[in-house]
Each structure stands twice: as C-alpha cells, then as structure tokens.
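In the numbering used here, the protein residues as written are 612 to 1031.
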Amino acid sequence: MSYSVPKGTKDLLPEDTYKWQFVEEVIRNICRKYGFNEIRTPIFEHTEVFVRGVGDTTDVVSKEMYTFEDKGKRSITLRPEGTAGVARSIIENSIASGPQPTKLYYLSAPMFRYENPQAGRQRQFHQFGLEIFGAPNASVDAETIALAWEVLNAVGVHNLSLNINSIGCPECRPKYREKLIAYFEERKDKLCKTCLERLYKNPLRILDCKEESCHEVGKDAPLIIDHLCPECSDHFEKLKSYLDEYGINYKINPHIVRGLDYYTKTVFEIISDEIGAQGTVCGGGRYDGLVEQLGGPKLCGIGFGMGMERLMMVIEGTGAAALPEKPRLDCYIASMGENARVKCVGILKTLRDNGISADMDHVSRSMKAQFKYAGKLGVRFVASIGDNELERGMARLKNMDTGEEKEVAFAEIAEAIKNA
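Structure below.
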C-alpha cells in the first residue's frame, strides 16, 4: 500500500526549505529592528476562541474550520488564523497589565482551513503575522503597513499597491448597518443563500462575498467610509498623513471589509501583480474590541497576516533574484580503508569545530564513487585520504570548482579551506 499527503497539504523539501529560511531570517531581522518580539501559540485552541473572536457568520468559522472533539469531550479547533489565539494569550498571561504597547510577531506558523486547494492556498498553510496591542494612534497603523512593505521589498517583491479603508467602529457601524440592510432587502432575490442568512446577522459580510451575483449587487451599496463618526474619520485622515511620511502610496478602496468580524476602523490589503494576476500578499487591520470580546480588558489592537506559501510563489514569480543560492557543503572527506576512515572522523570533527560544513563516506563507496557523489552534492572541496596519505599525515585537497589539487597536512585542512 502506498501513501500520499492529504489533499491540501504539501511536503516542504530541502530544495525549498533553504529559501524559506532566508525569507524567515529577513523577516526576523526587520521585526527586531521595529521592536517586535516573537510569540508562539498552540496550533489548536478551544473552539470558542475562534467562534467568539473571528465571528460565527464568517466563512472561516461556518465553513472552513477543522473542529473535533477530544478524548475529554472538549471541542477543539485547529488554528485557522493567528490573531484570536494571540489575544487569548494576552489575556491568560496578563500581558495587558505590563507596559504598552505590546509588539508581537509569529513566523511560518501552521494554519488550517478546509477549502479547495489552489495556487498559493493550501488546507495547511503557514503565516507570518504581526500583532500590536495597546496603541490607539493611527501612527501604529502606518507602522504596521510600513513593516509589511519593507519585508516585501527586502525579499524582492516591488510592484505593490496598497489599498486602505475604514470600516468604522461600534459608534458609527449600527447606523451604517441599517442603511446596508435596507439596500440589500430591496435586492434579496439576487443574493446567494449564504448572504440571505447574513443579511440580518452581519450584512457587512455580504460585501465580502465571492459569488458573482452578490459581488455585482454590492457594487452600488452604501459605503461605510461615507458614514464614519468623527473619531473614525479623524483616525483615517491621520493614517493617510502618516503613510505619506513613510513615502507609501495608497489607494482608498471602500469595498475592502476583510473576512473576519473583529476588524474595526483601519483595514488594508497589499497587492502584488508580480505573477501576472493581481493577488493579495498581505492583509490586516485594527481590532480594537477583540480582547474585550474574549473576556479580557479593554485593549486596542492592530495586525496583519502574510501567507508564506503565497509570498514564496510571488518571490519565485519575480525570478527569485533576491534569493541566495542553495548552500553548499564546504568539504567532503573521501577515504580508502578502515584506518583512513577512523582518521577521517577526527578530521571531520576538527572541520566542524572550525565552522566548516563537512561530511564523509558512511556507505563504503569506492574512491571513484565518493568523488562522483561529492560532485552531485556540489561540494566545494574534497579531501582524499588513503594508506599513503595516512602514513605521511597529508591529505590531497581538491578544489571542485577549479580542479586544483594540493597536499595539505591533516592539521591544516581547516585553515586551507578557510583561506580559499
């Protein structure tokens, strides 16, 4: 019987993991520069964390979550997004009582959503996310966007556009909600079944529906940006001025509402056309009521999510100019005979102690086969040791790029490689 990975999952093989490691290191360095610290939360939470935090009218909760009952008959859900779990951690660990703001990030964190797999979207995917708690000013909204922008540029993604919107707050949203319901009530016959259910529960979600009929009817719906309260309007104007200071061009897109219920005020998407068709590579916004909604203190927040699979696909689409070459093994030690093999172990340890990546034959190949194997690995140097070399305490060191060979004392192999 043969096995394959479950639908919507993918093995990440060595020819790709080094690329991910490079991008992850770029992200870590930029986060460190902006004063962020890493957080790692469990990949599963009590289901209620996501139902209350994300919203039971969202597609994520109603259609896409991997939920099961554990042996203690508790309802558990594999993490479909990162923010709700981080907010739960903020509450449980009393982080809100410490100095604010709290600036956190998570990197290549596994997420799970049951949806049809497609390019850049899997049922198990990985996310880089950023969360800032306790900072109400629009300056931190702009900083969040600026960090994402810098990450994308640093990994070679440049043809970007930023779309921003404000979806109001509990002060201005109710009046807008009434207008939205009135608008869609007159067009109920054109809404899909899901949006008919949303109409009185959460009509804002209709604007986010991907069904063509709902998308068309939503084009002329009232816009939240025209119904903002003075505080939300002022916040949005300040965001624009801060983005101007960062030198980031933006477009106001009144149809961005994002797909999760916890968003308030600022929402944004960063879009790339590097791979032929426009696609969102980063999306986020402000969620000022989430912590309180999960039973914690009143604590504002803002963040974003950036899918790693989608990001890597965009990077590859640019020609991957920013990615390094695959790391090469510095030295392979080829040996002939058991005595030589024993000596190789000591040399191998010395090389590694000196920070040189090295390996040796472990399957008793012939000397010719060992050189062939080293060539396939793309090794920089091969140090060969047989009985003659063992007797004289010298190895033959070959530069595999130039073909140059020379004899080097065992104790000097590390230095010779470093000098080269």
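By construction, the Cβ of each residue, glycine as well, lies at the ideal position given by its N, Cα and C atoms. If you're wondering where the values come from, they're calculated on a predicted model, not measured in any experiment.
- Annotated as proximal: Gly-731 and Glu-920, with beta-carbon spacing under 8 angstroms.
- Of all alpha-carbon atoms in Phe-723, Thr-961, Glu-703, the one lying nearest the alpha-carbon of Leu-689 is that of Phe-723.
- Considering only Cys-911, Ser-883, Val-956, the residue with the shortest C-alpha distance to Trp-760 is Ser-883.
- Met-917 is the residue among Gly-997, Val-766, Met-917 whose C-alpha sits nearest the C-alpha of Thr-755.
- Inter-segment contact for the region 759 to 779 and the region 839 to 858 is present: three or more beta-carbon pairs are separated by less than 8 angstroms.
- Under a 10 Å Cβ-count criterion, Met-676 is classified as buried, with 16 or more other Cβ atoms of the shown protein chains found around its own Cβ.
- Within the region 741 to 781, complete alpha helix (DSSP H) segments of at least 4 residues are found at 749 to 765, given in chain order.
- Here the region 649 to 656 makes contact with the region 687 to 704; the two share three or more CB pairs at distances below 8 angstroms.
- Counting only runs of 4 or more residues that sit fully inside the region 937 to 974, the alpha helix (DSSP H) segments are 949 to 964, in chain order.
- Here Val-990 carries a coil assignment [DSSP, helix/strand/coil].
- Shortest Cα-Cα distance from Ile-706 to any of Leu-910, Gln-904, Arg-685 involves Leu-910.
- Between Ala-1022 and Asn-965 the beta-carbon gap is near 11 angstroms, outside 8 angstroms, which marks them as no contact.
- Within the model, the alpha-carbon separation for Tyr-898 versus Thr-891 is close to 20 angstroms.
- Residues Ser-777, Gly-779, Cys-780, Cys-783, Lys-876 of the same chain have their beta carbon placed closer than 7 angstroms to that of Cys-843, with the five preceding and five following residues left out of the count.
- Using a 10 angstroms sphere on the CB of Pro-710, the tally of other CB atoms stays under 16, which defines it as exposed.
- Lys-630 places its beta carbon 8 angstroms or farther from that of Met-1005.
- Under a 10 Å Cβ-count criterion, Ala-932 is classified as exposed, with fewer than 16 other Cβ atoms of the shown protein chains found around its own Cβ.
- Apart from sequence neighbours up to five positions away, the residues of its chain that approach Leu-834 with a beta-carbon distance below 6 angstroms are Pro-865, ordered along the chain.
- By a beta-carbon distance limit of 8 angstroms, Phe-915 contacts Leu-741. Their separation comes to about 5 angstroms.
- Within the region 798 to 874, there are no complete beta strand (DSSP E) runs of at least 3 residues.
- Segment contact: the region 950 to 959 against the region 1010 to 1019, fewer than three CB-CB distances shorter than 8 angstroms; contact not assigned.
- Here the region 899 to 909 does not lie against the region 925 to 944, with fewer than 3 beta-carbon pairs under 8 angstroms apart.
- In terms of Cβ geometry, Gly-619 and Pro-728 form a close pair [threshold 8 angstroms].
- For Leu-1001, the enclosing alpha helix (DSSP H) stretches over residues 998 to 1003.
- In this structure the region 790 to 805 touches the region 814 to 824; the number of beta carbon pairs closer than 8 angstroms is three or more.
- Here Phe-661 carries a helix assignment [DSSP, helix/strand/coil].
- Collapsing the DSSP output to three states places Glu-885 in coil.
- Taken atom to atom, the span from the alpha-carbon of Pro-747 to that of Gly-912 is near 7 angstroms.
- Looking at the backbone, the Cα of Glu-703 and that of Ala-994 are separated by about 56 angstroms.
- Arg-685 counts as exposed, since fewer than 16 other beta carbons sit within 10 angstroms of its beta carbon.
- Nearest in C-alpha terms to Phe-633, of all of Val-868, His-826, Val-762, is Val-762.
- Residue nearest to Gly-1014 within the set Arg-991, Glu-626, Ile-859, Arg-1003 is Arg-991 (criterion: CA-CA distance).
- If you check the CB distance, Gly-896 and Tyr-874 come in under 8 angstroms.
- According to the DSSP assignment, Thr-628 belongs to no beta strand (DSSP E) but to the alpha helix (DSSP H) extending over 625 to 644.
- Ranking Ile-687, Gln-733, Ser-673 by CA distance to the CA of Pro-617 puts Gln-733 first.
- Annotation for Gly-918: no alpha helix (DSSP H) segment contains it, though the beta strand (DSSP E) segment containing it runs 912 to 918.
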